[in-house]
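**Q**
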Amino acid sequence: MRPVVVILQHEPKDTAAYMEAYLIKRGIDYVTYECWNDDVARCLPSSVASHIRCVKRGDGAHRFSPLPNNSEEGECCCIRGVVSFGGSMSANDDLPYYAPVLALMRSCIETRTPVLGHCLGGQLLARCLGGSVRASEHVEVGWMDQEVVNADAGGIKDWFGGRQVINVFQIHTESFTVPAGARLVVKGKYCANQAYQVGDQYALGMQFHPEVDEEKVRALTSTEFPSLHTRAEIGAMGDEEAARLSPAAMTRDEIERCLSEGRVERNWPIADSIYDTWCSGFLI
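Take 1 as the starting number for the sequence shown in UniProt numbering and just add one per residue.
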């Protein structure tokens, strides 16, 4: 039976991006569930003990798509890890597919199966463990330094390659509380709870996006995102309106500068550290 990593993608623009390239480079098979597709959502496993049907995609090795469990096509696969990415919806929304997603994440913790949550994914992992999700202290958009904490505490994995500060991309309006049984491992200036580890497991919930590539940054910072402005737009605002802007949101000009200077590529070693540690939970 083929072992696969389950990827939960909540919106077309919030892709696995660099993590997909990472898994392919490591030769790790993965199956992507496009959760907005009702037919795919109906196939979502609710437990890591579930055997799932997958078929290899035609666009390269290691990439699989899910099939209905009663399908005679493809092959039977077992789950070795679960990864959830972000989305513009709230973790508090009453979406039908959240039930199997939360159950799947909970079963990861119960069976000590590696699980990784990016942004919304980290919020959903917190929710399934009894944590809460609420409006963030500040809207965060763009790259900013965050402090690695509790790295020397017993049972904490070396997620960040010994770094004491990480520079990571953010885009969120809500944030999680650290659930019972978890410990904070990254702390922020504008949003305190940035990442947590569950117990001594290979289970990490993050508020940030280590996986972004340039295409994903541009998709996430489209004109639809309301808290992002150019310097010229801010200059044209009145004092009262400008005072309401988040101190943790870059301008569009600053984001463009970071992209042109290669910030995305320079930060991929941080993603490598996170993913190397996470994969060591199932690669023996």
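Cβ atoms here follow ideal geometry from the backbone N, Cα and C, with glycine treated the same way. Here the structure is a predicted model, which means the values were calculated and not measured.
(1) Looking only at C-alpha atoms, which of Ala61, Ser46, Arg80 sits nearest to Tyr97?
(2) Which residues in the same chain have their Cβ closer than 8 Å to the Cβ of Ala271, if we skip the five residues on either side of it in sequence?
(3) Quick check on the burial criterion: 16 or more other C-beta atoms within 10 angstroms. Buried or exposed for Asn92?
(4) Within 10 angstroms of its Cβ, does Ser84 collect 16 or more other Cβ (buried), or is it exposed?
(5) What's the gap between the Cα of His51 and the Cα of Cys77?
(6) Give every residue of the same chain whose Cβ lies closer than 8 Å to the Cβ of Arg134, excluding the five residues on either side of it in the sequence, and list them in chain order.
(7) Roughly how many whole angstroms lie between the Cα atoms of Cys54 and Val4?
(8) Can you find the residues in the same chain that come closer than 6 Å, C-beta to C-beta, to Ala219, ignoring five residues on each side of it along the sequence?
(9) Could you tell me if Val165 is buried or exposed, where buried requires 16 or more neighbouring beta carbons within 10 angstroms of its beta carbon?
(10) For Ser65 versus Thr15, is the C-beta distance shorter than 8 Å?
(11) Give every residue of the same chain whose Cβ lies closer than 6 Å to the Cβ of Ala248, excluding the five residues on either side of it in the sequence, and list them in chain order.
(12) What is the DSSP secondary structure of Gln164, reduced to helix, strand or coil?
(13) What number of angstroms, rounded off, separates the C-alpha of Val101 from the C-alpha of Leu44?
(14) Consult DSSP for Trp278 and reduce its assignment to one of helix, strand or coil.
(15) Reducing DSSP to helix, strand and coil, say where Glu140 ends up.
(16) Is the separation between the beta-carbon of Leu204 and that of Ala192 shorter than 8 Å?
(17) Comparing C-alpha positions only, which one of Leu95, Thr111, Glu72 sits nearest to residue 297?
(18) Are the segment 138-158 and the segment 254-272 touching, with three or more C-beta to C-beta distances below 8 Å?
(19) I'd like the span of the beta strand (DSSP E) that includes Leu23, first residue to last.
(20) Contact check, Asp29 vs Arg2 under 8 Å by CB: the rounded distance?
**A** Checking against the coordinates, here is how it stands:
(1) Ser46
(2) Tyr18, Met19, Tyr22, Pro210, Glu211
(3) exposed
(4) buried
(5) 6 Å
(6) Glu174, Ser175, Thr177
(7) 9 Å
(8) Lys13
(9) exposed
(10) no
(11) His138, Glu140, Tyr190
(12) coil
(13) 7 Å
(14) helix
(15) strand
(16) no
(17) For residue 297 there is no data in the structure shown, the boundaries of the chain being 1 and 284.
(18) yes
(19) Careful: Leu23 lies outside any beta strand (DSSP E), inside the alpha helix (DSSP H) at 18-26.
(20) 6 Å
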